[in-house]
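Below you'll find the structure, written out as structure tokens, and then a few comments.
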Amino acid sequence: MSNSRTPSITQAPYGRLANGEAITEYTLANANGLVAKIIDFGGIVTELHTPDREGRLADVVLGLDSLAAYEGEHPYFGAVIGRYGNRIAKGRFTLDGREIVLPANDGAHHLHGGPGGFHKVKWQASVEGDSLRLAYRSVDGEQGYPGNLDAVVCYQLNDDNELVVRFEAVTDQPTPVNLTQHSYFNLAGEGDVLDHLLSIDADTFVGIDAAAIPLGTLSPVTGTPFDFRTPRPIGERVGQPDKQLRHGQGYDHNFVLNKPNGREMTRAAHVLEPVSGRVLELFTEEPGVQFYSGNFLDGSLGGKGRSYGQRSGFCLEPQHFPDSPNRPRFPNVILRPGQVYRSASRFRFSVQAAQA
């Protein structure tokens, strides 16, 4: 497919926050009919329409029906996550001899940047060519994190049917940074995701304890329900009597991507919904991807005409490993003054022809 045409971006009012701030929804469309809708509150992807093998469009991300719902409690539907995606044990770590204390919002632990993380703030939006640029200054001490952090996320929907997500950040004090995108996908556009065929290019994963905190070691996938090196249905082994599955109440684990040359962009995962033929491929520069099988969705939330029951969506969150500020053997997540944090991922959509 050609990239000769610049995909269009339009905008419309989306509502007002409880504090009166106006929120805008941006619609990204490409030459092939794909549409992504994103709001400048939380950088949330509210809709993502892709075709099946018959050319019929469906919205393949879970989402809510109003700004008030997104401002309330929900499991990070479609949001930008920061400063730190995933968990930090007990909300504490030591940085250059100083103990940093973060708010606990997942039992005794800190999750996804805290209750007022990047998913709960208004970003400053601008349209730059074929990209939507969202910028936010996280001030020193916000959610307990040190330093002023200037973060940018750029969304681009190109004519290769890729939603490209690029992050950049700079800081004036050392601080951990681990940004990610937290969309829940359902390539059928309805029902559950148990029959989706998933492959992940990972020989190991980060084992966790009963509170979903890393054990500190990498576990081989061989001979376990975590071996997705060849395509397997998400639901095939999710209920097996495996300790790691019990700890996550399903899949909620960081897979260590096979990266022979470091931070290069490689294909991390491939997902096929066999009835519609829709395919999602994730390419990322990140060393890991958190695969979450929607274990805690319980039907209490809904949108788009349906309730979201258990495993009605899955997440593939490109990121560094959980609890890395407390794990010196894990890849470094500390950003220092003078450095630039950069990370890019591509969510590519296509269709697979029906088998003869």
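Numbering (my numbering), first residue to last: 3 to 358.
Ideal Cβ placement from N, Cα and C applies to all residues, glycine included.
Cα-Cα separation between residue i and residue j, rounded to whole angstroms
{"i": "residue 173", "j": "residue 76", "result": "29 Å"}
{"i": "residue 180", "j": "residue 104", "result": "15 Å"}
{"i": "residue 242", "j": "residue 101", "result": "40 Å"}
{"i": "residue 138", "j": "residue 207", "result": "32 Å"}
{"i": "residue 89", "j": "residue 325", "result": "6 Å"}
{"i": "residue 81", "j": "residue 44", "result": "5 Å"}
{"i": "residue 151", "j": "residue 339", "result": "10 Å"}
{"i": "residue 237", "j": "residue 116", "result": "30 Å"}
{"i": "residue 153", "j": "residue 356", "result": "43 Å"}
{"i": "residue 5", "j": "residue 164", "result": "A caution first: residue 5 carries a pLDDT of 44, below 50, which makes its placement in the model unreliable, though a value can still be read off. Those two C-alpha atoms are separated by around 11 Å."}
{"i": "residue 1", "j": "residue 125", "result": "Examination of residue 1 is not possible in this model, given that the chain is present from 3 through 358 alone."}
{"i": "residue 19", "j": "residue 230", "result": "41 Å"}
{"i": "residue 171", "j": "residue 344", "result": "7 Å"}
{"i": "residue 321", "j": "residue 334", "result": "12 Å"}
{"i": "residue 350", "j": "residue 162", "result": "8 Å"}
{"i": "residue 240", "j": "residue 83", "result": "26 Å"}
{"i": "residue 32", "j": "residue 182", "result": "23 Å"}
{"i": "residue 285", "j": "residue 12", "result": "26 Å"}
{"i": "residue 220", "j": "residue 26", "result": "42 Å"}
{"i": "residue 186", "j": "residue 175", "result": "33 Å"}
{"i": "residue 136", "j": "residue 290", "result": "24 Å"}
{"i": "residue 224", "j": "residue 232", "result": "11 Å"}
Buried/exposed call for residue i, threshold 16 Cβ in 10 Å
{"i": "residue 341", "result": "exposed"}
{"i": "residue 288", "result": "buried"}
{"i": "residue 58", "result": "exposed"}
{"i": "residue 222", "result": "exposed"}
{"i": "residue 302", "result": "exposed"}
{"i": "residue 130", "result": "exposed"}
{"i": "residue 348", "result": "buried"}
{"i": "residue 3", "result": "Low confidence applies here, because residue 3 scores a pLDDT of 42, under 50, leaving its location unreliable; read the following figure in that light. So residue 3 ends up on the exposed side."}
{"i": "residue 47", "result": "buried"}
{"i": "residue 245", "result": "exposed"}
{"i": "residue 252", "result": "buried"}
{"i": "residue 367", "result": "Because the chain is modelled from 3 through 358, residue 367 falls outside the range shown and cannot be assessed."}
Three-state class that DSSP yields for residue i in the structure shown
{"i": "residue 213", "result": "coil"}
{"i": "residue 312", "result": "coil"}
{"i": "residue 304", "result": "strand"}
{"i": "residue 4", "result": "With a pLDDT of 43 at residue 4, under the threshold of 50, the modelled position of this residue cannot be trusted; read the value that follows with caution. Correct three-state label for residue 4: coil."}
{"i": "residue 17", "result": "strand"}
{"i": "residue 72", "result": "helix"}
{"i": "residue 39", "result": "strand"}
{"i": "residue 158", "result": "strand"}
{"i": "residue 256", "result": "strand"}
{"i": "residue 331", "result": "coil"}
{"i": "residue 175", "result": "coil"}
{"i": "residue 124", "result": "strand"}
{"i": "residue 131", "result": "coil"}
{"i": "residue 292", "result": "strand"}
{"i": "residue 248", "result": "helix"}
{"i": "residue 326", "result": "helix"}
C-beta atoms of residue i and residue j nearer than 8 Å
{"i": "residue 64", "j": "residue 250", "result": "no"}
{"i": "residue 134", "j": "residue 16", "result": "no"}
{"i": "residue 106", "j": "residue 93", "result": "yes"}
{"i": "residue 256", "j": "residue 292", "result": "yes"}
{"i": "residue 91", "j": "residue 202", "result": "no"}
{"i": "residue 281", "j": "residue 353", "result": "yes"}
{"i": "residue 319", "j": "residue 121", "result": "no"}
{"i": "residue 283", "j": "residue 265", "result": "no"}
{"i": "residue 119", "j": "residue 145", "result": "yes"}
{"i": "residue 199", "j": "residue 235", "result": "yes"}
{"i": "residue 254", "j": "residue 188", "result": "no"}
{"i": "residue 279", "j": "residue 55", "result": "yes"}
{"i": "residue 24", "j": "residue 191", "result": "no"}
{"i": "residue 160", "j": "residue 204", "result": "no"}
{"i": "residue 51", "j": "residue 215", "result": "no"}
Residue i Cβ short of 7 Å to the ligand COA heavy atom set
{"i": "residue 95", "result": "Absence of the ligand COA from the depicted structure is noted, as is the absence of any ligand whatsoever, leaving it without description."}
Meets three-Cβ-pair contact criterion under 8 Å: the region 327-341 and the region 300-309: no
Cβ pair count under 8 Å reaching 3, the region 181-201 against the region 275-282: yes
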